[in-house]
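Chemist: Protein chains in written order, with our numbering: chain A, 30 to 915; chain B, 27 to 138. Don't be surprised by glycine CBs; every beta carbon is placed ideally from N, CA and C.
#1: Pull out every residue of the stretch 49 to 67 of chain B whose Cβ sits closer than 9 angstroms to any Cβ of chain A, in chain order.
#2: Are the stretch 666 to 685 of chain A and the stretch 762 to 775 of chain A in contact at 8 angstroms, needing three or more beta carbon pairs?
#3: Sorry if obvious, but does the Cβ on residue 93 of chain B come closer than 7 angstroms to a heavy atom of the ligand GTP?
#4: Sorted by chain position, which residues of the same chain lie with C-beta nearer than 6 angstroms to residue 199 of chain A's C-beta, five sequence neighbours on each side aside?
#5: Return the Cβ separation of residue 341 of chain A and residue 364 of chain A in integer angstroms, given the expectation that the two are a contact with Cβ distance under 8 angstroms.
#6: For residue 855 of chain A, tell me which candidate among A:277, A:652, A:728 and A:541 has the shortest Cα-Cα distance.
#7: In the structure shown, what three-state DSSP assignment does residue 386 of chain A receive?
#8: Does the beta carbon of residue 127 of chain B come closer than 8 angstroms to any beta carbon on chain A?
#9: Please look up how many angstroms separate the CB atoms of residue 113 of chain A and residue 430 of chain A, rounded, as I've assumed it's under 8 angstroms.
#10: Can you find a C-beta in chain B that's less than 8 angstroms from the C-beta of residue 63 of chain A?
#11: Which residue spans inside the stretch 71 to 103 of chain A form an unbroken alpha helix (DSSP H) run of at least 4?
#12: If you drop the 5 nearest sequence neighbours on each side, which residues of the same chain put their C-beta closer than 6 angstroms to that of residue 831 of chain A?
#13: Which same chain residues, not among the five before or five after residue 380 of chain A, have their C-beta less than 7 angstroms away from its C-beta?
#14: As a quick exercise: from A:43, A:67, A:265 and A:277, pick the residue whose alpha carbon is nearest that of residue 576 of chain A.
#15: Whose Cβ in chain A lies nearer than 9 angstroms to the Cβ of residue 76 of chain B?
#16: In terms of residues, what are the limits of the alpha helix (DSSP H) holding residue 38 of chain A?
#17: Let me know the secondary structure DSSP gives residue 706 of chain A once reduced to three states.
#18: Which term fits residue 433 of chain A, buried or exposed, when burial requires 16 or more other beta carbons within 10 angstroms of its beta carbon?
#19: Check whether the Cβ of residue 101 of chain B lies closer than 8 angstroms to any Cβ atom in chain A.
#20: Under the three-state reduction of DSSP, which class applies to residue 220 of chain A: helix, strand or coil?
#21: Can you find a C-beta in chain A that's less than 8 angstroms from the C-beta of residue 81 of chain B?
#22: Which residue comes first and which comes last in the alpha helix (DSSP H) that contains residue 827 of chain A?
#23: Name the chain A residues that come within less than 7 angstroms of residue 72 of chain B, Cβ to Cβ?
#24: So, helix, strand or coil for residue 729 of chain A, using DSSP?
#25: Do you know whose CA, among B:117, B:102 and B:103, lies nearest residue 109 of chain B's CA?
#26: Relative to the alpha-carbon of residue 643 of chain A, which residue among A:656, A:654, A:653 and A:662 has its alpha-carbon at the smallest distance?
#27: Where does residue 280 of chain A sit, in a helix, a strand or coil, going by DSSP?
#28: Would you mind reading off the limits of the alpha helix (DSSP H) that contains residue 751 of chain A?
#29: In this structure, does DSSP put residue 513 of chain A in helix, strand or coil?
#30: With burial defined as no fewer than 16 other Cβ atoms inside 10 Å of the residue's Cβ, what is the status of residue 443 of chain A: buried or exposed?
#31: Along the chain, where does the alpha helix (DSSP H) that runs through residue 340 of chain A open and close?
#32: Applying the 10 Å Cβ sphere with the 16-neighbour rule, what's the burial state of residue 251 of chain A?
#33: State the DSSP-derived secondary structure class of residue 794 of chain A, mapped to helix, strand or coil.
#34: Taking a contact to mean a Cβ-Cβ separation below 8 angstroms, would you say residue 733 of chain A touches residue 670 of chain A in this structure?
#35: For chain A, is any of its Cβ atoms less than 8 angstroms away from the one on residue 84 of chain B?
#36: Kindly list, in the order they appear in chain B, the residues whose Cβ is closer than 7 angstroms to that of residue 38 of chain A.
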C-alpha cells in the first residue's frame with residue numbers, strides 16, 4: 030500500500046482511538062478466554078486455567094502499548110510523555126514554581142543581555158559593505174589619537190592607492206532661523222564624497238561636489254530626513270530652496286533618507302545614530318603650507334582587495350613623504366587606520382562580553398540548582414520509577430520521560446524568560462550609558478527568540494541529564510523495597526549533589542567578586558575630586574553667527590555684556606562663559622608654541638589644550654586659583670596678552686618654578702606684543718573623571734581671543750534650574766535671534782560621566798544577587814534533603830544523649846565544608862578571571878584583597894543562614910519516632 | 027516474559043499471511059494454527075502477534091472484520107487481501123532462496 034493510504038489509516042486510527050482500544054481489548058479478552066477454555070478442556074481446574082491463561086498471555090498493557098506504537102504516529106509518544114510530565118509538574122506546585130521562577134529569571138537575563146549584544150555587536154552597521162569602512166587618525170607618543178589636518182587629507186586623497194574613496198568631517202553646529210524660535214542644529218562640515226564613502230544616497234537632490242570645497246562656494250546644505258519633516262513640512266520642492274543658517278542664506282541641495290546614521294566622532298562628539306541635522310560643505314581655507322591645526326576626522330572605504338594592514342602601510346609611507354615636504358608640521362606622525370566597526374563598538378565590546386559571561390554564570394548556577402532539585406525529587410520518585418521498570422518499561426523510555434519533563438520545565442521557563450526579556454531590554458536601554466553606541470538598534474528580535482529557544486533546550490538537557498542518568502542506573506528491586514527506612518542516597522548521588530552545590534557557591538562567588546570590584550570602582554569615581562564644584566551650577570551653550578558678530582570685539586563684547594547681566598540677576602552668585610565645559614569632550618590642540626627660555630626635546634613640540642574664558646568662568650565653576658590671579662576686565666586685546674594655565678601645564682613645562690610672569694608665544698620670531706604672559710595657575714580638571722591625569726591646558730581671555738561658541742556657567746545660591754528662564758530672557762534681550770541650547774545643570778553632566786561604571790555595576794550586581802540567591806536555595810535544598818535522610822540517625826543520637834547543639838553543629842559543619850570549598854574555588858577562579866575586568870574598573874586592583882575577603886565572608890554567612898533552618902529541624906527530631914521507624 | 031519468540035526474525039508476517047491464505051481466522055486461531063501445524067515447535071507470542079496484525083492491516087495485506095464464531099462469540103477475523111497474497115508470494119520466494127543458500131553453505135561445510 031502506498032504511503033498516503035497508510036497515513037490515512039493511521040490518521041483514522043488516531044481519531045478513532047477509543048474504538049481502536051476497545052476493539053483491541055475485546056480481541057485480547059477473547060484470546061484469553063479461548064486459551065482458558067482450551068486449558069479447561071485439557072483437564073485443568075477453571076480457576077487455575079484462568080490464571081494460567083493470564084500468565085501466558087502476558088502483560089496486557091504492554092501489548093496494547095506496543096500495538097498502538099505500530100499504528101500510531103511517532104509524535105504520539107512524545108505527546109503522551111508531555112502529558113505525563115505536565116501532570117507531574119501540576120502535582121508539585123511548590124517545586125514547579127521554584128524551578129520556573131529561577132529558570133525564567135536566569136534565561137530572561139540571558140535573553141536581555143543577548144538582545145543588547147545582538148543589536149550592538151552582531152548586527153552589521155547600516156552602511157553598504159560596512160566591513161570596508163575605516164576611520165583615519167594621526168598618532169604620536171603624546172597624542173595616541175589625533176585628528177587630521179585638512180591639507181594633509183587633501184594629499185592623502187590625491188596620493189593613495191588603497192582607498193576607493195575618502196572624506197573628512199568636522200563638527201560645526203549651526204543656528205536655523207527664519208520662522209519662529211531660532212534652533213540650534215547638530216551640524217557637520219563634510220568634504221565631497223562623504224556619503225559616497227558611507228555608501229549612502231540622498232533621498233532628494235545630490236551630495237556636495239569638489240567645487241563646494243573651494244572657500245566661498247560653501248553656502249549649500251544637505252538636510253536630514255528628520256529636519257526636513259519637522260522644520261520644512263516634508264516639502265517635496267525643497268531642493269533649491271534658501272534656508273537661513275547662522276544668519277546666512279544656504280541653498281538646500283539634498284535631503285538624506287531616514288536611517289542615515291552618523292558614524293560617530295571623537296572630538297566634540299555626537300553619538301552614533303541619526304544624531305545629525307544638517308551637513309554643510311567643508312572648504313579648504315588658508316595657507317596649504319601651514320599644517321599645524323588638526324581638527325578634521327577621516328573616514329574612508331577600502332578597495333576590495335586591500336587589507337587594513339596594507340592601507341596602514343601605504344598611509345604611513347605617504348605621511349613620511351609629507352614629513353619630508355613639511356618637516357615643521359608633518360614629521361613624527363604615524364597614521365592609524367581602524368575599522369569603523371571597532372571604532373564604534375570597540376569600547377563597549379569588553380563590557381558586553383563581561384556581562385554575557387556574568388549572565389552565563391547565572392544560567393549555569395540555575396542549571397546546577399535545577400539539577401539538584403530534580404535529583405532530590407527523583408529520589409522521592411524512586412518507587413514510581415521502580416514500579417514502571419518492573420512493569421516492563423524500558424530504561425530508555427524512563428530516561429526519555431525524565432528528559433521530557435526537564436525540557437518542558439526549561440521551555441516554559443524560557444517562554445517566561447522571554448516575556449521578562451521584553452521588559453528587561455526596555456529597562457536596560459534606559460540604563461545604558463549616555464554615549465553607548467547603537468542603543469536604538471537594541472530590541473528583542475528574531476535572533477533573540479532563536480537564542481532563547483536554544484538556551485532553554487540546552488539548559489533543559491543539561492539539568493535533566495543528572496536524574497535521567499540516575500534512572501538508567503536504578504535497580505527496580507532496591508527501589509521497590511518497602512520495609513525499613515526510606516532509601517538513602519547512594520554515595521555516588523550525594524557526591525554529585527555536593528559537587529553541584531560547591532560549583533553553585535563558587536560561581537556565585539565569582540560574580541559577587543566581580544560586582545564588588547565594580548562597586549569599588551564606581552565609588553572611586555564618585556569620590557574623585559573633579560577639580561570643580563558640581564552643585565548649584567547651570568550651564569547652557571550659545572553660538573554667535575559670524576554674519577552678525579564678525580570681529581573679536583563684537584563677539585567678546587556680547588559675552589562680556591551677557592555675563593555682566595547674568596551676574597546681576599538675583600540668586601546668581603557668579604557667572605561666566607568658557608569655550609567648553611569639563612567632561613563634555615575636548616579638542617586635542619595647540620601645539621608648536623614657544624616658551625621663553627626653553628627648548629622642546631628633538632622631534633617633540635610643546636603641546637597644550639587651549640580654551641577661552643571670561644573672568645567669572647572659573648569662579649562660577651568653582652575651579653580653584655593656585656597662584657597669581659584670574660582674568661579681569663582689563664585683560665582685552667588692547668592690553669598686553671595674558672593667559673592662565675593649569676597646574677599640569679605648570680608642572681610639565683616649568684617644574685618647580687614660579688610660573689606667574691613667565692611668557693610663551695605662537696610666533697617663531699616674536700615681537701614684544703606677541704608674548705603672552707602667564708598671570709595665574711588654576712586647578713586641574715581631567716578630560717574624563719577617570720582619565721589617568723589632567724592634560725596641560727591654558728586659557729585666553731574671551732575679550733582677547735574671542736570664540737563665538739561659548740558655554741555659559743552660572744552659580745546659583747539655590748536650585749540652579751530656576752535660572753533657566755532668566756538666562757533665556759537675558760539672551761533674548763541682547764539678541765532675539767539667538768538660540769540657547771543644552772541647558773542643563775552641572776550635576777547632570779557629572780552623573781552622565783559616571784553612567785558607564787554605574788551601568789556595569791548595577792547589572793553585574795543584579796546578576797550577582799540572583800546568583801547568591803540561587804546558590805542559597807541550592808545549599809538549602811541539599812542540606813534539607815540530607816537532614817531528612819538522616820532524621821533517624823539524629824533521633825538515635827539524641828536518644829543516646831546527644832545535645833541539640835551537637836546535632837546543630839553536625840549539620841552546620843557539613844554545610845560549612847561545602848561552602849568553604851566553594852568559596853575557595855570561587856576566589857581562585859576570580860583571581861584567574863579578574864584580568865578581563867581590568868579595563869572596566871578604575872583605581873581597584875583586580876585582586877583587591879578587601880573585596881575578596883568581604884565576598885568570602887558574605888558567601889559563608891548566606892550559606893549558614895540557608896542551612897540554619899534544616900539544621901534546626903534536625904535538632905527537633907523526636908528520638909521516639911526515629912526509633913519506632915527503625 | 028523471559029522467553030523470546032523462537033521464530034526466525036522476519037518470518038512472523040509470512041507465517042501469518044500463509045495461515046490466512048487457507049481461511050480467515052481470528053488472532054487466537056492464527057496462534058493456535060501456527061502452533062499446531064509446527065507440532066508445538068513454533069509459538070507466536072501475543073505480544074508480537076497483535077502488533078504484527080496491525081502492521082499487516084496498515085500495509086493493506088489483510089482485512090479485519092468482526093464476525094461470530096461457531097460458539098456464537100464475537101471475534102475479529104482477519105482475511106488475506108489480493109495485495110497480501112502477492113506479498114506472501116514475494117516473501118515465500120525470498121525465504122526459499124535464503125533456505126537454499128543456507129543449505130548450500132551447510133552442505134559445503136559438511137563435505138569439506
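Modeler: Reading from the atomic positions:
#1: Hits within the stretch, in order: 52, 53, 54, 55, 57 and 58.
#2: As far as the Cβ criterion goes, the stretch 666 to 685 of chain A does not touch the stretch 762 to 775 of chain A, which means the pair count is below three.
#3: The ligand content of the structure shown is nil, which means the ligand GTP is not present either.
#4: Closer than 6 angstroms at Cβ, skipping near neighbours: 218, 324 and 325.
#5: Indeed they touch by this definition, with Cβ atoms about 7 angstroms apart.
#6: Answer by Cα proximity: A:541.
#7: In this structure, DSSP gives residue 386 of chain A a helical state, which the three-state scheme calls helix.
#8: No, its Cβ sits nowhere closer than 8 angstroms to a Cβ of chain A.
#9: Confirmed, about 7 angstroms.
#10: Judged by the 8 angstroms Cβ criterion, residue 63 of chain A is in contact with chain B.
#11: Runs found: 75 to 86 and 89 to 100.
#12: So the list is empty, once near-sequence residues are dropped.
#13: Excluding residues within five positions, the ones whose Cβ falls inside 7 angstroms are 789 and 869.
#14: Among A:43, A:67, A:265 and A:277, the Cα nearest to that of residue 576 of chain A belongs to A:277.
#15: What residue 76 of chain B touches in chain A: 53, 56, 57, 60, 92, 93, 95, 96 and 99.
#16: Membership of residue 38 of chain A in the alpha helix (DSSP H) is indicated by the continuous run 32 to 44.
#17: Here residue 706 of chain A sits in strand by DSSP.
#18: Sixteen is the threshold: when 16 or more other Cβ atoms of the shown chains lie within 10 Å of the Cβ of residue 433 of chain A, as they do, the residue is buried.
#19: It does: the Cβ of residue 101 of chain B has a partner Cβ on chain A nearer than 8 angstroms.
#20: DSSP, read as helix, strand or coil, puts residue 220 of chain A in coil.
#21: The beta-carbon of residue 81 of chain B is placed less than 8 angstroms from the nearest beta-carbon of chain A.
#22: 820 to 828 is the extent of the alpha helix (DSSP H) around residue 827 of chain A.
#23: Residues of chain A passing the Cβ test: 60, 86, 87 and 92.
#24: Residue 729 of chain A: strand per DSSP, three-state reduction.
#25: Residue B:117 is the option with its Cα nearest to residue 109 of chain B.
#26: From the listed residues A:656, A:654, A:653 and A:662, the smallest Cα separation to residue 643 of chain A is found for A:662.
#27: It is a strand residue.
#28: Taken as a continuous stretch (DSSP letters only), residue 751 of chain A belongs to no alpha helix (DSSP H), as it is neither H nor E.
#29: Interpretation of residue 513 of chain A is limited by its pLDDT of 39, a score under 50 that renders its predicted location unreliable; the figure taken from the coordinates is listed afterwards. Note: residue 513 of chain A maps to coil in three-state DSSP.
#30: By the 10 Å Cβ count, residue 443 of chain A comes out buried.
#31: Segment 337 to 354, the alpha helix (DSSP H) holding residue 340 of chain A.
#32: Under a 10 Å Cβ-count criterion, residue 251 of chain A is classified as buried, with 16 or more other Cβ atoms of the shown protein chains found around its own Cβ.
#33: Annotated three-state conformation of residue 794 of chain A is helix, per DSSP.
#34: Contact flag set, yes.
#35: So yes, residue 84 of chain B belongs to the interface.
#36: Ordered by position in chain B, the residues that pass the 7 angstroms Cβ test against residue 38 of chain A are 84.
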